[in-house]
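Visitor:
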Amino acid sequence: MYVPPYFPEPITVSGNVADARYRERVRFLRTVVGRHFLSVAVVAAFGLWRPFEGTTTFWAFAFAAGLVALTFVRRTASGSRWDGAVSLAVLLPVLAFAGLWLRGLDDNEFPVFSFAVVSSALGAYSLFCGQDFSYTGQFVLCNVASALFCVSMTLAGRVPGWNAAAGWAVGALYTFYYTYDLSMIVKRRRPDEAWAAVADLYRDLINFSTYPVRVFLHWRRFSNI
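Numbering (the working numbering), first residue to last: 1274 to 1498.
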C-alpha cells in the first residue's frame, strides 16, 4: 500500500548538483555563496548611497513585486540557457529595492546590521571551509560569529543590549533560512546554474506565502487515498 508523504517532496531535476560528485558540489556551493555575498554588497551600496527617495512601505512593496517577477522568470525560463542571464537582469533592481527598504528599516532602529554580519560570516565560512562544506557547520559557526559580534558591540557601547539581542535573533532566522534553502537549491539546479541559484536565494522568500498553499493542495490530492 502506497503511503504518500505528509508534506510535498522537494522539487528535483535531472543532473542536479546534489547528484554530482562531492568536489563539484562543494565548488558549486562556494560559487553560489560567493556570488550571493557580492549581491549583498550591492544591496548595502544602495542602502548607503540612497540614490532614490521613497517611503519604507513603497520600497517594501517594490521588493515584493521584484520577488514575484523573479518567480515568474523561474516558472517560464527554468532549465533554459536564458535562465541565469534573465534572472540576473531581474535581480539587479530587486537588490536596489532591498537596499532602499533596509535603509528605511535601519532608520527605524530595526537591526539591519545583522544581515551584513551574517552574510559576511556565510561568505567567510565558504571561503575557509575547504572541501569540508557542511550546512550544519555553516549554520552553527555563523551564528556563533553573529553572537560574538553582537556581544562585543554591546560591551563597546555601540549597540543597546535589546537591539543586539534582536539582531542576533534576526540573524539566526536568516541563517537558518539561508542554509536550508541552499540545501534545497542543489536538488533543483545544475552545476552551470550558479547565477540562477543566487536569484533563488532571494525569490524563495516568497515561498513563505506560497508553501502553505502547496501543502494544502498536496493534502487534498491524497485525501481520498
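Cβ coordinates follow ideal geometry from the N, Cα and C atoms, glycine included. This structure is a prediction, so every number in the text was calculated from the model and none was measured.
(1) Counting only the same chain and skipping the five closest in sequence on each side, list residues whose C-beta sits under 6 angstroms from that of W1322.
(2) CA-CA distance, R1348 and H1309?
(3) Looking at C-beta atoms only, is the number of pairs between the segment 1414 to 1429 and the segment 1380 to 1393 that lie closer than 8 angstroms three or more?
(4) For C1402, which three-state DSSP category applies?
(5) If we count the other Cβ atoms within 10 Å of its Cβ and call it buried at 16 or more, is W1355 buried or exposed?
(6) Report back the beta-carbon spacing between S1312 and V1471 to the nearest angstrom; my notes put them in contact at under 8 angstroms.
(7) Nearest by alpha-carbon distance to V1299: which of L1364, C1402, A1314 and A1335 is it?
(8) Whose C-beta lies closer than 7 angstroms to the C-beta of D1477 among residues of the same chain, with five residues either side of it excluded?
(9) Counting Cβ pairs, one atom from each stretch, are 3 or more of them under 8 angstroms apart for the segment 1431 to 1449 and the segment 1326 to 1346?
(10) One question on the structure: do L1391 and Y1450 come within less than 8 angstroms of each other, judged by their Cβ atoms?
(11) Looking at C-alpha atoms only, which residue of A1362, W1468 and G1372 is the closest neighbour of A1318?
Guide: Quick look at the numbers:
(1) Closer than 6 angstroms at the Cβ level, and outside the excluded window around W1322, lies no residue.
(2) 21 angstroms
(3) yes
(4) coil
(5) W1355 counts as exposed, since fewer than 16 other C-beta atoms from the protein chains shown sit within 10 angstroms of its C-beta.
(6) The beta-carbon separation of S1312 and V1471, rounded to 6 angstroms, stays under the 8 angstroms limit for a contact.
(7) C1402
(8) D1454
(9) no
(10) Before going further, note that residue 1391 is Val rather than Leu in the sequence given. No, these two residues do not count as a Cβ contact at 8 angstroms.
(11) Of the listed residues, the one whose Cα sits closest to A1318 is G1372.
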